[in-house]
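Counting from 1 along the sequence shown, just add 13 to a position and that's the residue number in our numbering. All C-beta atoms in this analysis are idealised placements derived from N, C-alpha and C, irrespective of residue type, glycine included. A quick note: this is a predicted structure, and the numbers were derived from the prediction, not measured. Single-structure report; data block below.
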Amino acid sequence: MSTTEPDALLTPADVRELAAALGVRPTKQRGQNFVIDANTVRRIVRTAEVRPDDVAVEVGPGLGSLTLALLEAADSVVAVEIDDVLAAALPATIAARMPARADRFSLVHSDAMLVQDLPGPPPTALVANLPYNVAVPVLLHMLARFPSIERTLVMVQAEVADRLAAKPGNKVYGVPSVKANWYADVKRAGSIGRNVFWPAPNVDSGLVSLVRRAAPVATTASRAEVFAVVDAAFAQRRKTLRAALSGWAGSPAAAEAALVAAGVSPQARGEALTVEEFAAIAEHRPS
14 MSTTEPDALL
24 TPADVRELAA
34 ALGVRPTKQR
44 GQNFVIDANT
54 VRRIVRTAEV
64 RPDDVAVEVG
74 PGLGSLTLAL
84 LEAADSVVAV
94 EIDDVLAAAL
104 PATIAARMPA
114 RADRFSLVHS
124 DAMLVQDLPG
134 PPPTALVANL
144 PYNVAVPVLL
154 HMLARFPSIE
164 RTLVMVQAEV
174 ADRLAAKPGN
184 KVYGVPSVKA
194 NWYADVKRAG
204 SIGRNVFWPA
214 PNVDSGLVSL
224 VRRAAPVATT
234 ASRAEVFAVV
244 DAAFAQRRKT
254 LRAALSGWAG
264 SPAAAEAALV
274 AAGVSPQARG
284 EALTVEEFAA
294 IAEHRPS
């Protein structure tokens, strides 16, 4: 049980008052849509299965709505914020609203794509309302950089959520689906309406759960080599793999040889393949 005040979480009025005091106007450039509903942030933390021993990392904390809910549940929270004004204000908000746990909060003022290290113990959970325009690259960077992250729950644009969680054969299955699946078992974990945000976005949002698992066994191919195959396969997704991978392999004939050696039909398309099959292809790249 946490020792937090019952009214510690931000209300819609609190969010607007904080923004006004800071002179903050949410910008489309940074995909800023602040969550203003306490029930929603508690639902996100609950769905993320944040535990009392977790070290949670949050990307894009904004004014602190989700941050406070995470501090209620986790052992400690590290927030990564790129915005100068928001980064400067967040520690004071935490100290004012949750003083008993303020020492369990750390702020990293940085672009999440540039973060290489985090203060304190290795993070075990990633929970974030990710800006729509950078959601996939930020998610993949954090999973790659911090292998200690066991469980992830991100709120993203519904369309992005569908792509991340898509399975082979689905029309929206593509590069984000395969790369996310390299790191984790991925699934949709719910939908979020527009009215819990300020300003309300023009699109619905979705929750995506990622539970870390061992990478597909690829005895000779690195992650970068597997991802190169994935990128090539979907760069021309209407083409057969024999054609789409010809540049990667050196020629259509070499691509066919690699595919056959991997047990994949040269006439298949990228959208039909699992991450394990992409790994097998990468192993058989012509030398």
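Problem - Neighbour-count burial assignment, threonine 24, 16 or more Cβ in a 10 Å radius - result: Position 11 of the sequence shown, counted from the start, is the residue given in the question as residue 24. Exposed is the call here.
Handout entry: Backbone CA spacing between tryptophan 261 and asparagine 146 [nearest angstrom]
Key = For the purposes of this step, residue 261 is identified with residue 248 of the sequence shown, where counting begins at 1. For the purposes of this step, residue 146 is identified with residue 133 of the sequence shown, where counting begins at 1. Computed Cα separation, rounded: 28 Å.
Handout entry: Three-state class that DSSP yields for aspartate 116 in the structure shown
Key = To locate residue 116, count along the sequence shown from 1; it is residue 103. In the structure shown, aspartate 116 sits in a helix (DSSP, three-state: H, G or I).
Handout entry: Cut-off 6 Å between Cβ atoms - residues of its own chain near alanine 21, not counting five sequence neighbours on either side
Key = On the sequence shown, position 8 is the one that residue 21 refers to. Leu81, Arg110 and Met111, listed in sequence order.
Exercise for the section: For leucine 76, name the three-state secondary structure that DSSP assigns. Expected result: Locating residue 76 in the sequence shown gives position 63, counting from the first residue. In the structure shown, leucine 76 sits in coil (DSSP, three-state: anything other than H, G, I, E or B).
Handout entry: alanine 271 versus serine 300 - alpha carbon distance
Key = If you number the sequence shown from 1, residue 271 lands on position 258. If you number the sequence shown from 1, residue 300 lands on position 287. Going by the C-alpha atoms only, they are around 10 Å apart.
Exercise for the section: Can you grab the Cα-Cα spacing for the pair serine 119 / glutamate 85, in whole Å? Expected result: Taking the sequence shown and counting its residues from 1, one reaches residue 119 at position 106. Taking the sequence shown and counting its residues from 1, one reaches residue 85 at position 72. If I take the Cα positions, the gap works out to 15 Å.
Practice task
Determine, using beta carbons only, whether alanine 268 and serine 259 come nearer to each other than 8 Å.
Solution key: Translated into positions along the sequence shown, residue 268 becomes position 255. Translated into positions along the sequence shown, residue 259 becomes position 246. Going by C-beta atoms, alanine 268 is nearer than 8 Å to serine 259.
Handout entry: Close Cβ partners of methionine 14 (< 6 Å) along its chain, the five nearest in sequence each way excluded
Key = Here residue 14 refers to the residue found at position 1 when the sequence shown is read from its first residue. In this prediction, methionine 14 has a pLDDT of 38, which is less than 50 and means its spatial position is unreliable; nothing more can be read from the coordinates.
Problem - Residue nearest to glutamate 163 in terms of C-alpha spacing, selected from Val199, Arg298, Val121 and Val288 - result: Start at 1 with the first residue of the sequence shown, and residue 163 comes out as number 150. Comparing Cα positions, the closest option is Val199.
Handout entry: Minimum Cβ-Cβ distance from valine 68 to chain C less than 8 Å
Key = Judged by its chain identifiers, the structure shown contains no chain C, having just a single protein chain.
Problem - C-alpha gap between leucine 76 and alanine 125, whole angstroms - result: Numbered from its first residue, the sequence shown carries residue 76 at position 63. Numbered from its first residue, the sequence shown carries residue 125 at position 112. Their Cα atoms are separated by approximately 17 Å.
Problem - Outcome for lysine 192 when other beta-carbon atoms lying within 10 angstroms are tallied against a minimum of 16 - result: Taking the sequence shown and counting its residues from 1, one reaches residue 192 at position 179. By the neighbour-count rule (16 or more Cβ atoms within 10 Å), lysine 192 is buried.
Exercise for the section: Could you please give the first and the last residue of the uninterrupted alpha helix (DSSP H) stretch that includes aspartate 97? Expected result: Position 84 of the sequence shown, counted from the first residue, corresponds to residue 97. Here the alpha helix (DSSP H) through aspartate 97 covers 97-110.
Exercise for the section: Can you grab the Cα-Cα spacing for the pair arginine 114 / aspartate 217, in whole Å? Expected result: Taking the first residue of the sequence shown as position 1, residue 114 is located at position 101. Taking the first residue of the sequence shown as position 1, residue 217 is located at position 204. Spanning the two alpha carbons is a distance of roughly 33 Å.
Practice task
State the Cα-Cα distance for the pair serine 123 and leucine 153, rounded to the nearest angstrom.
Solution key: Taking the sequence shown and counting its residues from 1, the one referred to as residue 123 is at position 110. Taking the sequence shown and counting its residues from 1, the one referred to as residue 153 is at position 140. For serine 123 and leucine 153, the distance between alpha carbons rounds to 17 Å.
Exercise for the section: Would you decide whether aspartate 2 is buried or exposed? Buried here means 16 or more other CB atoms lie within 10 Å of its CB. Expected result: With the chain covering only 14 through 300, there is no way to say anything about residue 2.
Practice task
Kindly indicate which residue of Val90, Asn142, Leu31 and Ala101 has the alpha-carbon position closest to the one of isoleucine 57.
Solution key: Here the question's residue 57 lines up with position 44 in the sequence shown. Considering only alpha carbons, the answer is Asn142.
Exercise for the section: Could you check if threonine 16 is buried or exposed, using at least 16 other CB atoms within 10 Å of its CB as the buried criterion? Expected result: Here the question's residue 16 lines up with position 3 in the sequence shown. Here threonine 16 scores only 44 on pLDDT, less than 50, and its place in the model is too uncertain to base an answer on.
Problem - Own chain partners of alanine 292 with C-beta closer than 7 Å, once the 5 adjacent residues on each side are dropped - result: Along the sequence shown, one-based indexing puts residue 292 at 279. Only Pro229, Ala231, Ala234 and Val239 meet the Cβ criterion.
Problem - Contacts around leucine 139, its chain only, beta-carbon distance under 6 Å, and the 5 residues preceding and following it disregarded - result: Locating residue 139 in the sequence shown gives position 126, counting from the first residue. Correct list, in chain order: Val70, Met155, Ile162 and Thr165.
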